[in-house]
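Q: If you scroll down you'll find the structure; I have some questions about it.
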Amino acid sequence: MADATAVAQALRLHHYLYLAPLTFLYWDHLLTFGDEVRYIWNQPKTASAYCFFLNRYLAAFGGVAVTVFSYHEIPESWSDPCPDYNRFRQILLIVNQVTVCLLLTLRIYALYGRDKRILSCMVGVGAVLLAVSIWAASRARGVPQRGEPGCNIADPRDVAIMVAISWEALFVYDVMIFCLLFYKSLHTRRDSGLRWAQIPILSLLIRDGSIYFALMATVNLANILTSYIAEPLLVSSLSTFASNMSVTMMSRLMLNLHAVESTGIFSTSTPCATELTELDTLWTRDLERSAHIIAPPRPKSVQLEAGAPMVVDPEPWGDRIQHPEIREFTHHLENT
Numbered sequence: 001m002a003d004a005t006a007v008a009q010a011l012r013l014h015h016y017l018y019l020a021p022l023t024f025l026y027w028d029h030l031l032t033f034g035d036e037v038r039y040i041w042n043q044p045k046t047a048s049a050y051c052f053f054l055n056r057y058l059a060a061f062g063g064v065a066v067t068v069f070s071y072h073e074i075p076e077s078w079s080d081p082c083p084d085y086n087r088f089r090q091i092l093l094i095v096n097q098v099t100v101c102l103l104l105t106l107r108i109y110a111l112y113g114r115d116k117r118i119l120s121c122m123v124g125v126g127a128v129l130l131a132v133s134i135w136a137a138s139r140a141r142g143v144p145q146r147g148e149p150g151c152n153i154a155d156p157r158d159v160a161i162m163v164a165i166s167w168e169a170l171f172v173y174d175v176m177i178f179c180l181l182f183y184k185s186l187h188t189r190r191d192s193g194l195r196w197a198q199i200p201i202l203s204l205l206i207r208d209g210s211i212y213f214a215l216m217a218t219v220n221l222a223n224i225l226t227s228y229i230a231e232p233l234l235v236s237s238l239s240t241f242a243s244n245m246s247v248t249m250m251s252r253l254m255l256n257l258h259a260v261e262s263t264g265i266f267s268t269s270t271p272c273a274t275e276l277t278e279l280d281t282l283w284t285r286d287l288e289r290s291a292h293i294i295a296p297p298r299p300k301s302v303q304l305e306a307g308a309p310m311v312v313d314p315e316p317w318g319d320r321i322q323h324p325e326i327r328e329f330t331h332h333l334e335n336t
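Spelled out as structure tokens, the structure:
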């Protein structure tokens with residue numbers, strides 16, 4: 001009786017940890033559907049738009065299929081579908097994470113001005129980590145839990161370690177993406193000759209990238225820990241949360257990028273590249289919608305005659321600034 005009670009409690013907790021992030025995913029879809037219609041459906045379709053559809057709807061429809069088999073009573077006339085269900089769920093998680101990683105790779109590639117060396121490095125590392133992840137997932141064969149509705153898989157310790165390896169590979173790739181973003185920010189700061197405090201948007205670039213990395217690293221590490229310390233029915237119980245969170249953040253990133261440029265994730269604009277450059281922070285919605293990165297203004301100068309003083313007619317661009325931090329930064333530049 002005690003074992004049956006423990007199993008029921010573990011399954012209930014596992015179901016809660018699955019339903020909560022799935023609800024969050026669909027709730028965010030509803031919140032951002034108006035922006036999706038405005039910036040994706042009502043605009044000419046580009047490669048970035050199709051990437052958005054793949055990322056957003058693969059997770060949404062895949063979640064429906066997983067939910068049906070997780071909670072629906074399996075007819076006795078069916079042959080045991082649970083091994084196939086478990087395989088499908090693993091493939092779906094891998095495809096979702098590969099899609100997000102691919103889109104992040106394209107974004108970093110664009111931020112680096114489409115540098116082939118950066119792309120080759122990321123693709124090479126990603127291919128190795130993907131191969132490791134697929135190898136580990138193929139060896140992770142859980143044991144179906146009988147006597148309960150739906151397909152419930154228990155992972156013994158040796159199987160749990162294989163599951164952990166797949167998520168550890170993803171964590172390594174996230175670290176690489178964050179390092180490339182941080183290096184790009186340092187490089188931009190060095191080229192501009194200004195401190196981060198003097199470039200509010202550059203500091204936001206670091207802040208938003210750090211928030212994403214901290215959030216995803218925390219979730220991934222927590223999910224990895226379940227493989228080492230949790231009981232078999234709760235192994236990788238945070239995988240749906242980690243997957244849906246990354247899909248949601250990626251969808252918001254792409255909506256933000258499409259709001260300022262039709263090329264979306266393939267936009268190559270970088271900070272301080274021009275007088276007025278689109279904001280390239282990864283995760284801040286309202287700033288990417290309303291603000292721009294401003295390099296020090298380059299006034300238009302006219303030489304009247306030899307030896308005469310220069311007449312400066314600065315272009316009135318202050319009214320184009322919407323975010324308060326940028327307006328304050330612009331005012332500081334004009335008064336120095």
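Numbering (the UniProt record's numbering), first residue to last: 1 to 336.
C-beta: ideal position from N, C-alpha, C; glycine also.
1. Straight-line CA distance for L106 to M250?
2. Among residues of its own chain, excluding the 5 on either side of V7, which ones have a beta-carbon nearer than 6 Å to its beta-carbon?
3. Could you check whether M245 and L215 sit closer than 9 Å to each other, using their CB atoms as the reference points?
4. Output yes or no for whether 9 Å exceeds the beta carbon distance between T240 and P21.
5. Considering only residues of the same chain and omitting the five flanking positions on each side of G142, which have a CB-CB separation below 7 Å?
6. Assuming the contact rule is C-beta atoms closer than 8 Å, C82 and P144 should be a hit. Round their C-beta distance to whole Å, please.
7. Leaving aside the five residues before and after S133 along the sequence, list all residues of the same chain whose C-beta is less than 6 Å from its C-beta, in chain order.
8. Taking C-beta to C-beta, are L181 and L103 nearer than 9 Å?
9. Buried or exposed: where does V247 fall if 16 or more other Cβ atoms within 10 Å of its Cβ makes it buried?
10. If we ignore side chains and look at the alpha-carbon of each, how far apart do D3 and V66 end up?
11. Please tell me whether, using a cut-off of 8 Å, the distance from the CB of P44 to the nearest non-hydrogen atom of the ligand FMN is below it.
12. Contact check, T99 vs L129 under 8 Å by CB: the rounded distance?
13. Decide if F61 is buried, meaning its Cβ has at least 16 other Cβ atoms within 10 Å, or exposed.
14. Are R139 and P232 touching if we call contact CB-CB under 9 Å?
15. For S237 versus L13, is the C-beta spacing smaller than 9 Å?
16. Between the Cα of D84 and those of T23, V125, S70, spot the shortest distance and give me the residue it belongs to.
17. So for V312, helix, strand or coil by DSSP?
18. According to DSSP, simplified to helix, strand and coil, what is V235?
19. Beta-carbon within less than 8 Å of L25's beta-carbon, same chain only, minus the 5 sequence neighbours each way: which residues are those?
20. Would you tell me roughly how many angstroms separate the C-alpha atoms of R56 and N42, rounded to the nearest one?
21. Does DSSP put P21 in a helix, in a strand, or in coil?
22. What is the rounded straight-line gap between the Cα of A164 and the Cα of I224?
23. Which value, in whole angstroms, describes the spacing of the CA atoms of H187 and S120?
24. Could you name the residues that DSSP lists as bridge partners for V143?
25. For I176 versus V123, is the C-beta spacing smaller than 9 Å?
26. According to the Cβ coordinates, are A131 and M162 closer than 9 Å?
27. Is E148 near L11, with beta carbons less than 9 Å apart?
28. What are the boundary residues of the alpha helix (DSSP H) that V95 is part of?
29. Relative to the alpha-carbon of Y18, which residue among A49, F52, V68, T46 has its alpha-carbon at the smallest distance?
30. Taking just the CA atoms, how far does C51 sit from D35?
31. Rounded to a whole number of angstroms, what is the C-alpha to C-alpha distance between A242 and I229?
32. For A47, count neighbouring Cβ atoms within 10 angstroms of its own Cβ and tell me buried if that reaches 16, exposed if not.
A: Here's the rundown:
1. Within the sequence shown, numbered from 1, the residue matching residue 106 stands at position 106. Within the sequence shown, numbered from 1, the residue matching residue 250 stands at position 250. Answer to the nearest angstrom: the Cα atoms are 12 Å apart.
2. Within the sequence shown, the letter at position 7 stands for residue 7. Nothing listed; no residue qualifies.
3. Residue numbering aside, residue 215 sits at position 215 when the sequence shown is read from its first letter. Residue numbering aside, residue 245 sits at position 245 when the sequence shown is read from its first letter. Yes, they are a contact pair.
4. As a first step, residue 240 must be located in the sequence shown, where it is residue number 240. As a first step, residue 21 must be located in the sequence shown, where it is residue number 21. Result yes, Cβ atoms of T240 and P21 sit closer than 9 Å.
5. Locating residue 142 in the sequence shown gives position 142, where the first residue counts as 1. Taken in chain order, the residues that qualify are N86, I153, A154, D155, V159.
6. Within the sequence shown, the letter at position 82 stands for residue 82. Within the sequence shown, the letter at position 144 stands for residue 144. The pair is a contact, with the Cβ atoms about 4 Å apart (cut-off 8 Å).
7. By 1-based counting over the sequence shown, the position of residue 133 is 133. Correct list, in chain order: S166, A169.
8. Here residue 181 refers to the residue found at position 181 when the sequence shown is read from its first residue. Here residue 103 refers to the residue found at position 103 when the sequence shown is read from its first residue. Not closer than 9 Å, so no.
9. Your numbering for residue 247 matches position 247 in the sequence shown. It is buried - the Cβ of V247 has at least 16 other Cβ atoms within 10 Å.
10. Taking the sequence shown and counting its residues from 1, one reaches residue 3 at position 3. Taking the sequence shown and counting its residues from 1, one reaches residue 66 at position 66. Going by the C-alpha atoms only, they are around 26 Å apart.
11. In the structure on display, the ligand FMN does not appear, and there are no ligands present to speak of.
12. What you label residue 99 is simply residue 99 of the sequence shown in a count that begins at 1. What you label residue 129 is simply residue 129 of the sequence shown in a count that begins at 1. Contact doesn't hold; Cβ gap of about 15 Å is too wide.
13. Here residue 61 refers to the residue found at position 61 when the sequence shown is read from its first residue. F61 comes out exposed.
14. Within the sequence shown, residue 139 is the residue found at index 139, counting from 1. Within the sequence shown, residue 232 is the residue found at index 232, counting from 1. Result no, Cβ atoms of R139 and P232 do not sit closer than 9 Å.
15. One-based indexing of the sequence shown puts residue 237 at position 237. One-based indexing of the sequence shown puts residue 13 at position 13. Yes, they are a contact pair.
16. Locating residue 84 in the sequence shown gives position 84, counting from the first residue. It is S70.
17. The residue given as residue 312 occupies position 312 in the sequence shown. Model confidence at V312 stands at a pLDDT of 43, short of 50, so the residue's coordinates are unreliable; what they give is reported in the following sentence. Note: V312 maps to strand in three-state DSSP.
18. Counting from 1 along the sequence shown, the entry for residue 235 is found at position 235. In the structure shown, V235 sits in coil (DSSP, three-state: anything other than H, G, I, E or B).
19. Stepping through the sequence shown from its first residue, residue 25 is reached at position 25. The residues are A59, A60, G63, N244, V247, T248.
20. On the sequence shown, position 56 is the one that residue 56 refers to. On the sequence shown, position 42 is the one that residue 42 refers to. Approximately 17 Å, taken between the alpha carbons.
21. Your numbering for residue 21 matches position 21 in the sequence shown. It is helical.
22. Along the sequence shown, one-based indexing puts residue 164 at 164. Along the sequence shown, one-based indexing puts residue 224 at 224. The alpha-carbon atoms of A164 and I224 are separated by roughly 5 Å.
23. Sequence index remark: in the sequence shown, residue 187 carries index 187 (1-based). Sequence index remark: in the sequence shown, residue 120 carries index 120 (1-based). Their Cα atoms are separated by approximately 20 Å.
24. Reading the sequence shown from its first residue, position 143 is the one you call residue 143. DSSP output for V143 lists A154 as bridge partner(s).
25. Within the sequence shown, residue 176 is the residue found at index 176, counting from 1. Within the sequence shown, residue 123 is the residue found at index 123, counting from 1. Inspection of the sequence shows that residue 176 is occupied by Met rather than by Ile. In this structure, V123 does not lie closer than 9 Å to M176 by Cβ.
26. Along the sequence shown, read from residue 1 onward, the residue named residue 131 stands at position 131. Along the sequence shown, read from residue 1 onward, the residue named residue 162 stands at position 162. No, the pair does not count as a contact, with Cβ atoms beyond the cut-off.
27. Working through the sequence shown from its first residue, we reach residue 148 at position 148. Working through the sequence shown from its first residue, we reach residue 11 at position 11. Result yes, Cβ atoms of E148 and L11 sit closer than 9 Å.
28. Within the sequence shown, numbered from 1, the residue matching residue 95 stands at position 95. Here the alpha helix (DSSP H) through V95 covers 82-111.
29. In the sequence shown, counting from the first residue as 1, residue 18 sits at position 18. When only C-alpha atoms are compared, the closest one is V68.
30. On the sequence shown, position 35 is the one that residue 35 refers to. On the sequence shown, position 51 is the one that residue 51 refers to. Roughly 16 Å separates the two Cα atoms.
31. Along the sequence shown, one-based indexing puts residue 242 at 242. Along the sequence shown, one-based indexing puts residue 229 at 229. Roughly 18 Å separates the two Cα atoms.
32. Along the sequence shown, one-based indexing puts residue 47 at 47. Exposed, since its Cβ has fewer than 16 Cβ neighbours within 10 Å.
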